[in-house]
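Chemist: Here the protein sequences come in this chain order: A and B. Counting in the working numbering, the first sequence runs from 827 upward without gaps. Counting in the working numbering, the second sequence runs from 3 upward without gaps. We put the beta carbon where it would ideally sit given N, CA and C, even for glycine.
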Amino acid sequence: MLSRRIYQFFIIYFLGITVLFLIKYVLNLSDYVIPSPLEIWQTGRHVFIRYLVNVIDTLSIAVLGHLLSICLATIVGIVGRLTIWVGSFIRVAAYNIQAYPIVAVAPIIFILLGDGLSSRLLITAMICYFPLLLSFIGIFSEPVTEIEHFYEATMRMNWRLQVKIRAFENIGKITTVIVGSGTLAIVGTIVSEFIAANAGIGHSIRMALYQSDLAKILVALFLIGICTSLYLVCLERLGLVVQKRLQST
Amino acid sequence: MSKNMLLECRDMSFKYPGSTAEVFKNMSYRISGPGFHALFGPSGVGKTTLAKMISGEIKGFSGDISMHAIRRVLYTYNLERIPGWSTVGVHLETTTPESNKEKINQLVSSFGMEACINSRFSQLSLGQQNRINLARYLLQEFDLLIMDESLANVDEVTKENIILMIKAAFPDRCFLYISHNVAEVAKFCKQILVLRSQHKSPQTLSILGQNHSNTKALIKQDLEHTMLEVVNAF
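#1: At least one CB of chain B closer than 7 angstroms to the CB of G1022 (chain A): is that the case?
#2: Please list the terminal residues of the continuous beta strand (DSSP E) segment that includes F38 (chain B).
#3: Between which two residues does the alpha helix (DSSP H) containing L197 (chain B) stretch?
#4: Indicate whether at least one CB of chain B lies closer than 7 angstroms to the CB of E974 (chain A).
#5: I'd like the list of long-range same chain contacts for M69 (chain B), defined as Cβ closer than 6 angstroms, with 5 residues on each side in sequence excluded.
#6: So with CB distances below 9 angstroms, who are the chain A contacts of E82 (chain B)?
#7: Quick check: what's the CA-CA separation for N132 (chain B) versus F113 (chain B)?
#8: Cβ atoms of L128 (chain B) and I72 (chain B): under 7 angstroms apart, would you say?
#9: With respect to the beta strand (DSSP E) encompassing D66 (chain B), which residues constitute its N-terminal and C-terminal limits?
#10: Below 7 angstroms between beta carbons: does that hold for G822 (chain A) and I1016 (chain A)?
#11: Got a sec? Which residues, its chain only, sit under 8 angstroms from T50 (chain B) by beta carbon, not counting five neighbours each side?
#12: Using a threshold of 7 angstroms, state whether the C-beta atoms of G1051 (chain A) and F835 (chain A) are closer than that.
#13: Starting from S1030 (chain A), follow the alpha helix (DSSP H) in both directions and report where the run begins and ends.
#14: Give the residues of chain B in contact with I991 (chain A), contact being defined as C-beta atoms less than 7 angstroms apart.
#15: Is there a Cβ from chain A that is less than 7 angstroms from the Cβ of Q142 (chain B)?
#16: Using alpha carbons as the reference points, say which of B:C11, B:S34, B:K27 lies closest to D174 (chain B).
#17: Using a Cβ-Cβ cut-off of 8 angstroms (strictly less than) and excluding sequence neighbours within five positions of L947 (chain A), which residues of its own chain qualify?
#18: Do C1060 (chain A) and L885 (chain A) have their beta-carbon atoms positioned less than 7 angstroms apart in this structure?
#19: Beta-carbon of L76 (chain B) versus every beta-carbon of chain A: anything under 7 angstroms?
#20: Specify whether the stretch 1063-1073 of chain A and the stretch 982-1001 of chain A touch according to this definition: at least 3 beta carbon pairs, one from each stretch, less than 8 angstroms apart.
#21: Whole angstroms are fine: how far does the CA of R74 (chain B) sit from the CA of Y139 (chain B)?
#22: Is the beta carbon of D13 (chain B) less than 7 angstroms from the beta carbon of G62 (chain B)?
#23: Among A:Q1069, A:L1072, A:I1004, A:F1048, which one has its Cα closest to the Cα of G842 (chain A)?
#24: Output the boundary residues of the alpha helix (DSSP H) element that contains E883 (chain A).
#25: Spatial neighbours of S961 (chain A) within its chain, please: CB distance less than 6 angstroms, with the 5 preceding and 5 following residues excluded, ordered by chain position.
#26: Measuring alpha carbon to alpha carbon, tell me which of B:V110, B:L166, B:W87, B:E186 ends up nearest R1071 (chain A).
#27: With H, G and I counted as helix, E and B as strand and the rest as coil, what does DSSP make of R73 (chain B)?
#28: Beta-carbon separation of L141 (chain B) and T96 (chain B) under 7 angstroms?
#29: Using a Cβ cut-off of 7 angstroms (strictly closer), state whether F966 (chain A) contacts chain B.
#30: Please name the residues in the stretch 127-142 of chain B whose beta-carbon is closer than 9 angstroms to at least one beta-carbon of chain A, in chain order.
#31: Looking at the strands, I want to know which residues DSSP matches up with M14 (chain B).
#32: Mark H206 (chain B) as exposed unless 16 or more other C-beta atoms lie within 10 angstroms of its C-beta, in which case mark it buried.
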């Protein structure tokens, strides 16, 4: 699983680099526009440790934000499954709000909360929260009639049992959605850092952009790709463990 | 009290929301006394709909359903499943009321399911799944149990043993047995309610079955006669 993801990332990354070099040499662009392989290598050696620390910083915010959004989406999804007005209100609100780009709201968050940890965390959580919420609402609102019927008929059904049945029956879907939103969490963190934060790999990319230093950006992208692959593999493994444990208890 | 059991429906009409076709039109019938009663008819005639109306799962119909000495109605169908997080034995243990817990082993044994008690529902065959599903309903408190194809995919010999066992173990309860097997309903049920299409009048016909049990022998000619009556009632 790990080797497959890393392998895929290497293929895509080096294909991208190859295309860049092709453009550079076909159009005879200067090293200022697209740096030479040697310059990228030297920049890599120079900034590797600093960027690695930055990527780990970004990844830790992404993991925290991801956890926060999973918890929030679970709670709101459980309430949103209700057939009474609160449920309908939450469903309609979720569908409408998710259509609004969170990145556009990010400057307001930075103005109100500053450029520190809380802003990065909030934007990360918000970016992966809505896709999670929509999936959770869909899963928790869909009755599993062939199992639930017995509990309804014998008047044993309560909200915890209902959520447990629906979550258990859709554990594969839930795992897929959580793994999928892991990428969004990392993207969200980098975007928030890129917009205004004072730390993280997004912030480093912004600095490199101001210096028009493509070599630094390419090194940052390489580290982001490796760390994202590792995080997604961890999530997939965790999902498999949870599924196996649920099926064997 | 159980001998006075009565389920009576008067002038029932129903159509599904958004549909123009009526499933029932001014339909009336009555079922009385404990024992096995059958609901019989061709596919799509409305047997499951009627069962759900009796159990209260479908509302919004006109007419009246009245019950006497029937307080608790349960409806079960053959596609139901047990949650995958527990074994069959654990599920039965946790869902059976305290007063019926001692019946679990006896019921599981007479259903021929001892070997499956530690298995998960998904590991069972369709026939075993249906038997376990029926067993868990029989372990509940009920006065009327509607069994919608509950013994589908079960072989004839096992099915016969189960029905005879139910009749012997629950003599004071009322069962409404939905099946497409004419021989089965004619043989085991005391009253067969044949549901016909709404273009026919009356929409229901009541036919006396052979009500075969461990204490009542079966006369082959009478069974054939009942089967003919049921088939001709379509």
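Modeler: According to the structure data:
#1: With the sequence shown as reference, residue 1022 (chain A) is identified as Ala, and Gly is not the correct amino acid for it. No, A1022 (chain A) lies away from the interface with chain B (no Cβ there is under 7 angstroms from its Cβ).
#2: 37-42 is the span of the beta strand (DSSP E), which, as asked, contains F38 (chain B).
#3: Counting along the chain, no alpha helix (DSSP H) covers L197 (chain B); the unbroken beta strand (DSSP E) around it starts and ends at 193-197.
#4: no
#5: L9
#6: T971, E972, I973, H975, F976
#7: 11 angstroms
#8: Judged by beta-carbon spacing, L128 (chain B) lies beyond the 7 angstroms limit of I72 (chain B), meaning their Cβ atoms are not closer than that value.
#9: 64-70
#10: This structure cannot speak to residue 822 (chain A), because chain A is shown only from 827 to 1075.
#11: Y79, D150, I180
#12: yes
#13: S1030 (chain A) -> alpha helix (DSSP H) spans 1027-1036.
#14: Within chain B, the residues near I991 (chain A) are P85.
#15: yes
#16: B:S34
#17: Hits under 8 angstroms: I887, L890, G891, L894.
#18: no
#19: yes
#20: yes
#21: 12 angstroms
#22: By the CB criterion at 7 angstroms, D13 (chain B) and G62 (chain B) fall outside the cutoff.
#23: A:F1048
#24: Reading off the sequence shown, one finds Asp at residue 883 (chain A), where the question assumed Glu. D883 (chain A) -> alpha helix (DSSP H) spans 863-906.
#25: V1003
#26: B:W87
#27: coil
#28: no
#29: F966 (chain A) does not count as touching chain B.
#30: Along the stretch 127-142 of chain B, the positions whose C-beta sits under 9 angstroms from a C-beta of chain A are N135, R138, Y139, Q142, read in chain order.
#31: B:M29
#32: The question names His, but residue 206 (chain B) is Thr in the sequence shown. So T206 (chain B) counts as buried.
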